[in-house]
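Contents: one structure, followed by commentary.
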Amino acid sequence: MCHQISIEIDLDSLTYSGQTIGEINFVIDSYDYFPGVGWSDFVAVILKWWIDNCRAILHAPLKSFHSFPFMDGPLSISAKKISLSELELSFMKDGQMKTEIGIVSIEELKVALIKATRQFINAVNRLGWENEDVDVLKHTIKSLEMY
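Here the numbering used here is used: the first residue of the sequence shown is 27, the next is one more, and so on.
Right under this line is the structure:
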């Protein structure tokens with residue numbers, strides 16, 4: 027059974043001081059937040075990393091591993107490609123498995139990344155915050171949308 031996945035950014039938590047920082051989480055089945063409610067990180071930077079990894083997964087061979095890291099702290103999500111359309115996810119801390127999540131759809135991950143990134147970019151544009159990381163993110167999301 028596939029788990030539902032989303033990526034949630036609390037747009038009200040965003041702050042800017044050269045970099046945009048805000049609360050961001052992977053959410054499994056609408057209730058399991060990782061790293062946890064209130065986790066704050068460099069949103070534009072990690073979204074770019076995650077989009078790059080999602081694009082890599084689309085072309086990766088079966089059984090390949092990919093990581094969706096967080097910038098602050100030794101936390102990440104490990105993804106193993108188990109079929110052309112599915113990944114097996116685990117939450118990691120200090121390189122060790124913290125929680126095995128199970129199977130998620132690659133397409134659902136892609137859609138979650140696009141949705142969260144578009145919401146973030148729209149919020150940053152409304153606030154008038156510009157920096158190189160956001161400019162790079164704007165181009166990076168287009169490459170994922172084309173798949």
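Each residue gets a CB set at the ideal place from its N, CA and C atoms; glycine is no exception.
Here the structure is a predicted model, which means the values were calculated and not measured.
Cβ neighbour criterion (16 or more within 10 Å) applied to residue i
i    : result
V162 : exposed
L84  : exposed
N51  : buried
V63  : exposed
G154 : exposed
A70  : buried
S43  : exposed
D38  : exposed
D67  : buried
K74  : buried
T41  : exposed
Spatial distance of residue i from residue j (CA atoms)
i    : j    : result
K124 : Q145 : 29 Å
Q122 : F94  : 14 Å
I33  : V53  : 6 Å
H92  : C80  : 8 Å
Q30  : E126 : 14 Å
Residue i - partner residues in DSSP beta bridges
i    : result
K107 : L113
K119 : L101, Q122
P95  : S102
Y42  : T46
S32  : V53
Reduced DSSP category for residue i - H, G, I as helix; E, B as strand; rest coil
i    : result
N157 : coil
L135 : helix
S90  : coil
Any non-hydrogen atom of the ligand COA closer than 7 Å to residue i Cβ
i    : result
I129 : By its list of ligands, the structure shown contains no ligand whatsoever, and the ligand COA lies outside what it can speak to.
Below-8 Å beta-carbon distance, residue i vs any chain C residue
i    : result
S104 : Of the chains in the structure shown, none is chain C; there is only one protein chain.
Could you name each continuous beta strand (DSSP E) segment of 3 residues or more that falls completely within the segment 47 to 84, going from the start of the chain to the end?
-> 58 to 60, 66 to 68
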